[in-house]
Amino acid sequence: MINVIFLGPPGSGKGTQATILANNLEIPTISTGDALRREVENESEIGKMAKGYMTSGQLVPDEVVINIIKNRITQEDCSNGFIVDGFPRNISQAKSFDQMLKTVNRKIDIVFNFEVNDDILVKRISGRFSCKECGALYNRYFKTLKKEGVCDSCNSSQFLNRADDNENTVKSRLEVFHGFNGDLTKYYKKNNLLYSIDAVQSVPFVSERLIEISKKFLSLNNN
Ligand code: AMP
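Going by the numbering used here, the sequence shown opens with residue 52, and the numbers climb by one from there.
Quick look at the structure:
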């Protein structure tokens, strides 16, 4: 069992690394951002409420994301652990998460803090797009398509940009991030759970470090 949190600004590679680490450890990834985008797409009550916050780069109310997480971590596929990407975003969410885990006899084992400076982030975010069919992630500056207009993984020619990946929203999202992340990292550092990750490094370099730390935890804890 290994329960992992990914902290880091938008564009720091958390989504890409979560997929790689989740495959390696055979545990699911839970992304509150992805879950909320699905709600918006389905035009559900939650989606309608969350949309305004998301397009302006603000946080949606805590109780909404806490409920999403609560419902998700108790599902069968999380029995060997999970990677949470995009949650918690503030101390109140972190404390609720700890309490929630306590009631099901679980705890957070590792918190990876992805570190990248803002200049690189803006380029990473404004350049990113994904395949509409299979969800493969690309970036027009850093990870281009092998063949123009065709997905490397599934050959689809349809791609998506996130609505909140525009320059104005990115600025608010970074401001919100910087407003809360210092307290969050302090909180987890105090509990000896925090690992700093130099997320400017290449995708394979970063994933190797994440896998190494996670595997070490698992071997020391007889899992
Ligand atoms: P992300 O995909 O993690 O960058 O999240 C996209 C947007 O979803 C954020 O800008 C917030 O509006 C919302 N969101 C995602 N996770 C949370 C969270 N834990 N708390 C509040 N809002 C969130």
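Glycine residues also receive a C-beta, built at the ideal position from the N, C-alpha and C atoms.
Predicted model, so just to flag it, every value in this text is computed and none were measured.
Beta-bridge pairing of G188 - partner residues as DSSP gives them: First, the amino acid is wrong: residue 188 is Leu here, not Gly. Under DSSP, L188 forms a beta bridge with S181.
Classification of P139 by the beta-carbon crowding that lies within 10 angstroms, buried from 16 upward: P139 is buried by the Cβ-count criterion.
Within the stretch 211–273, ranges of the beta strand (DSSP E) (whole runs, at least 3 residues): Whole beta strand (DSSP E) segments, 3+ residues: 245–249.
Cβ-heavy atom distance, L110 to the ligand AMP, below 7 Å: Result yes, Cβ under 7 Å from the ligand AMP.
Straight-line Cα distance separating I97 from L87: Straight-line Cα distance between these residues: approximately 8 Å.
Rounded C-alpha distance that separates M52 from L269: In this model, M52 and L269 are separated by some 7 Å (Cα to Cα).
Proximity of E184 and S207 at Cβ, strictly below 8 Å: The answer is yes: Cβ separation under 8 Å.
In DSSP terms, what I159 is bridged to: None; I159 has no bridge partner.
L188 beta carbon near the ligand AMP (any heavy atom closer than 7 Å): False, no ligand heavy atom lies under 7 Å from that Cβ.
Alpha carbon of G66 to alpha carbon of D136, nearest angstrom: One C-alpha to the other measures close to 7 Å.
DSSP beta-bridge partners of L39: Outside the modelled stretch of the chain, which goes from 52 to 274, sits residue 39, for which no answer is possible.
Sub-8 Å separation of D234 and R224 beta-carbons: Result no, Cβ atoms of D234 and R224 do not sit closer than 8 Å.
Residues near A73 by beta carbon distance below 7 Å, same chain, minus five either side: In chain order, P79, T80 and I134 place their CB closer than 7 Å to the CB of A73, counting only its own chain and leaving out the 5 sequence neighbours on each side.
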